[in-house]
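Under our numbering, the first residue of the sequence shown is numbered 468, with each subsequent residue one higher.
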Amino acid sequence: MNDAAIDAFQADRPDTSRRVTLRHLAAHDQDEVLDLVSASTELHHPWMSLPSTPDQFQAYLARYAKPDEESVLICVRGSGAIAGVVNLNSIIRGRFQSGSIAYAAFLPTAGQGYLTEGLTLVVRYAFEQLRLHRLEAQIQPGNHASLKLVRRVGFRQEGYSPELLYIDGAWRDHERWAITTSMIDIPPTPPHATLPER
């Protein structure tokens with residue numbers, strides 16, 4: 468995982484956001500991320516939990532250093548302030564070429580469209596640069612802001628899974644949403660013959 472891939476993706480794109488840029492989470496982000504998570508607790512509860520201590524941040528950073536996980540920060544163009552994060556989780560290669568996503572906006576910039584622009588770019592980055600074919604999002608039915616976000620970006624609802632994920636002390640029901648390359652006019656990427664099945 469390095470920012471060269473994201474930089475190459477963002478270079479000279481006609482659809483690059485004028486308001487946000489993307490980069491990977493890094494060790495030097497610890498203080499800013501922990502401050503943002505603390506300020507945004509009510510925004511995220513009970514939908515998700517993010518690292519809130521230095522030890523948790525280091526574990527989070529180690530997780531996203533693995534080849535099947537990426538944590539992409541959405542930064543305000545110009546200032547570089549972190550406006551949100553999109554995590555690409557459980558990337559499976561072979562015949563799947565898919566992954567799941569989770570995302571969060573942070574105060575004080577939440578509600579200004581940065582996450583919509585950033586998630587749109589991350590989806591294209593995953594399809595064009597990482598050569599994935601499909602992304603999935605699992606969303607609790609009461610998380611109306613998140614449901615509106617994935618609709619805006621072009622995801623479609625595919626199903627409902629009772630007690631899918633353990634969040635905030637209980638097994639929570641989730642709606643399943645997904646997007647594929649064909650849904651946003653990106654040519655599909657067939658799996659390479661030498662790629663493993665998993």
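Cβ atoms here follow ideal geometry from the backbone N, Cα and C, with glycine treated the same way.
Quick caveat, the model's predicted, so the values are computed rather than measured.
DSSP-derived helix/strand/coil call for residue i
i      : result
Ser613 : helix
Thr647 : strand
Leu599 : coil
Ile653 : coil
Arg544 : coil
Thr576 : coil
Leu555 : strand
Ser565 : strand
Gln607 : coil
Pro521 : helix
Residue environment, residue i, which counts as buried when at least 16 other CB atoms sit within 10 Å
i      : result
Ile651 : exposed
Gly636 : exposed
Trp644 : buried
Asp496 : buried
Arg639 : buried
Gln596 : exposed
Gln579 : exposed
Tyr633 : exposed
Ser557 : exposed
Sequence-distant residues of its chain with Cβ nearer than 7 Å to residue i (five each side left out)
i      : result
Ala494 : Leu528
Thr647 : His600, Arg601
Gly626 : Arg643
Closest Cα partner of residue i within the set the options
i      : options                        : result
Leu501 : Arg530, Ile558, Gln523         : Gln523
Ser516 : Tyr581, Ala571, Phe622, Gln525 : Ala571
Ser538 : Val589, Gly621, Ser649         : Val589
Glu509 : Leu574, Pro657, Leu632         : Leu574
Other residues of its chain near residue i: CB distance less than 6 Å, five sequence neighbours each side excluded
i      : result
Tyr592 : Phe476
Thr576 : Ala550
### Query
Is the stretch 596-615 in contact with the stretch 552-564, if contact means three or more CB pairs nearer than 8 Å?
Taking 8 Å as the limit for Cβ pairs, the verdict is that the stretch 552-564 does touch the stretch 596-615.
### Query
On the three-pair Cβ rule with 8 Å, is the stretch 539-554 touching the stretch 575-592?
Yes, they touch.
#### Entry: Cβ contact check for the stretch 529-544 and the stretch 503-514: 3 or more pairs under 8 Å
Touching, no.
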